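The working numbering applies: residue 23 is where the sequence shown begins, and numbers increase by one. Please read the structure below before turning to the comments.
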Amino acid sequence: MTQTFAVALQSSPLDPVFAPLYWLLGLWSEVMFWLAGATGLELLQYQFMHRAILVGLCIGVMAPLIGTFLVHRQLALIGDALAHTAFAGVAVGLFVNAVFELSVSPYLTAVVVAMIAALLIEVISEATDAYNDVSMAIVLSTGFALGSTLISINAGGLAVGINQFLFGNLSTVSAENAAILLVLFGVIVGTVALTRNQLLYVTFDETAAAVSGLSVSWYNRVMVMLTALVVVGAMQIMGVILVAAMLVVPVAGATQVSRSFSESLLVSVVLAELAVLLGIGVAYYGEATAGGVIVLVAVAIYVVTVVAGKTVRAVGDDTPTDVGSISTNDVETHSD
């Protein structure tokens with residue numbers, strides 16, 4: 023099966039770069055085929071589902087990992103703004119491919135455009151003293167306008183090809199896109215691991231962080247760029263319209279039953295993974311759009327956590343983490 027999988031991957035121009043990742047994908051497929059035989063689950067018998075599940079599992083880690091910082095910074099809507107600019111990036115990629123007959127992955131152009139947009143949000147906010155929601159609204163509107171304009175030109179049938187990016191699709195997660203997602207996953211998790219304490223400090227007390235010597239503007243840029251990478255990665259399954267939900271809903275649920283930032287982070291990852299796996303399963307057997315089902319499951323889990331949190335508070339004195347609060351044990355002061 024590994025040989026068959028490898029042969030199917032020879033059509034991509036990025037094969038030499040992604041060769042080790044393609045090998046990992048082949049190994050993952052072997053594990054999934056084994057699980058299919060052991061459990062009898064039909065959805066595990068197809069390689070496109072193997073890639074969809076792997077991408078979903080990565081999203082279940084990346085989205086709450088970044089979303090926890092965003093929610094506590096009251097920047098929950100930045101994911102929506104960057105999703106619309108990622109949509110513009112996809113439109114740019116499809117447009118370039120249609121006009122110049124290239125084979126550039128729209129996800130790569132989406133990464134570039136989304137990261138530029140993330141930086142613009144910070145630059146506009148700093149240069150004009152506008153609130154973050156103003157700069158986000160400007161970038162969101164510009165990105166969606168650019169994407170809509172390129173689609174209206176309809177070069178090479180853009181309007182048809184864009185639907186999978188708007189709503190997400192399990193069957194369109196190609197090996198190349200899965201490899202791109204694995205790279206994004208490594209960058210996001212690695213960056214957060216290296217800068218966790220600094221990001222925490224900036225998140226909860228920018229003034230104190232600046233006084234201690236941290237470059238607040240730099241870490242703000244790091245955070246929005248990481249958000250852009252998460253948005254593009256999650257867009258494969260969630261689609262532009264629903265991608266922001268995975269940054270917020272699992273985190274909102276975790277805050278109902280957690281008492282510290284670290285605990286909230288871990289719980290949000292668990293909730294996100296649960297939503298992704300249940301959502302993919304229900305979407306496959308119910309022949310529904312995966313992104314929509316995943317979000318509905320995530321919202322249902324959120325409702326359960328709200329009820330559980332209220333029950334715990336009614337029985338005892340435990341208080342869950344409110345948005346914007348944090349245990350002092352979570353922050354270690356570091357300077358550059």
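From the three backbone atoms N, C-alpha and C, an ideal C-beta is built for every residue, glycine too. Just so it is clear, the structure is predicted and the values come from calculations on it, not from any experiment.
Is residue i buried or exposed, if buried means 16 or more other CB atoms sit within 10 Å of its CB?
| i | result |
| --- | --- |
| Q96 | exposed |
| F40 | buried |
| G308 | exposed |
| A201 | buried |
| I175 | exposed |
| E198 | buried |
| W56 | exposed |
| T277 | buried |
| Y185 | The residue you asked about is not Tyr; residue 185 is Asn in the sequence shown. Its Cβ having fewer than 16 others within 10 Å, N185 is exposed. |
| L49 | exposed |
| A294 | buried |
| F117 | buried |
| M135 | A small correction: the amino acid at residue 135 is Val; Met does not occupy that position in the sequence shown. V135 comes out buried. |
| F187 | buried |
| T150 | exposed |
| E354 | Only weak support exists for where E354 lies, its pLDDT of 49 falling under 50; the value from the coordinates is given anyway. Classification of E354: exposed, given that the 10 Å Cβ count is below 16. |
| T229 | exposed |
Out of the options, which has the shortest C-alpha to C-alpha gap to residue i?
| i | options | result |
| --- | --- | --- |
| M54 | A41, Y68 and P42 | Y68 |
| S5 | H94, F70, M71 and V77 | Because the chain is modelled from 23 through 358, residue 5 falls outside the range shown and cannot be assessed. |
| V195 | N219, H72, A120 and M158 | H72 |
| L192 | L49, A256 and G212 | A256 |
| D155 | A167, R218 and I100 | I100 |
| T213 | S234, V292, L47 and R243 | R243 |
| V317 | L287, V271 and W45 | V271 |
| N119 | L172, A74 and W45 | L172 |
| S51 | I143, L76, I302 and E148 | L76 |
| Y306 | L47, A74, V83 and E123 | A74 |
| V145 | S239, L296 and V233 | S239 |
| R218 | L287, T229 and Q258 | L287 |
Excluding sequence positions up to five away, which residues of its chain have a Cβ less than 8 Å from the Cβ of residue i?
| i | result |
| --- | --- |
| V279 | V289, T327, A330, G331, V334 and P342 |
| G115 | V126, S127, P128, Y129, L130, T131 and A132 |
| G62 | none |
| V10 | Any question about residue 10 goes unanswered here, given that the chain covers just 23 to 358. |
Would you please state the rounded distance, in angstroms, between the beta carbons of residue i and residue j? I believe it to be under 8 Å.
| i | j | result |
| --- | --- | --- |
| V253 | A108 | 5 Å |
| Y223 | A215 | Rounded, the Cβ-Cβ distance is 16 Å, inconsistent with contact. |
| V291 | G78 | Their Cβ separation, rounded to whole angstroms, is 13 Å, which puts V291 and G78 out of contact at 8 Å. |
In its own chain, which residues sit with a C-beta less than 7 Å from the C-beta of residue i, not counting the 5 before and 5 after it?
| i | result |
| --- | --- |
| F91 | L221, T225 and M245 |
Considering only their Cβ atoms, is the gap separating residue j from residue i smaller than 8 Å?
| i | j | result |
| --- | --- | --- |
| V321 | V304 | no |
| A85 | M268 | yes |
| I263 | L87 | no |
| A250 | M137 | yes |
| F166 | C80 | no |
| G21 | A110 | The chain is shown from 23 up to 358; residue 21 falls before or after that span and cannot be answered. |
| D102 | A274 | no |
| V325 | G301 | no |
| G313 | G261 | yes |
| H106 | L66 | no |
| A139 | L104 | yes |
Tell me whether residue i, by its Cβ, gets closer than 7 Å to a heavy atom of the ligand ZN.
| i | result |
| --- | --- |
| V211 | Of the ligands one can find in the structure shown there are none, so the ligand ZN has no counterpart to examine. |
Spatial neighbours of residue i within its chain, please: C-beta separation below 6 Å, excluding the five flanking residues on both sides.
| i | result |
| --- | --- |
| L43 | A201 and L204 |
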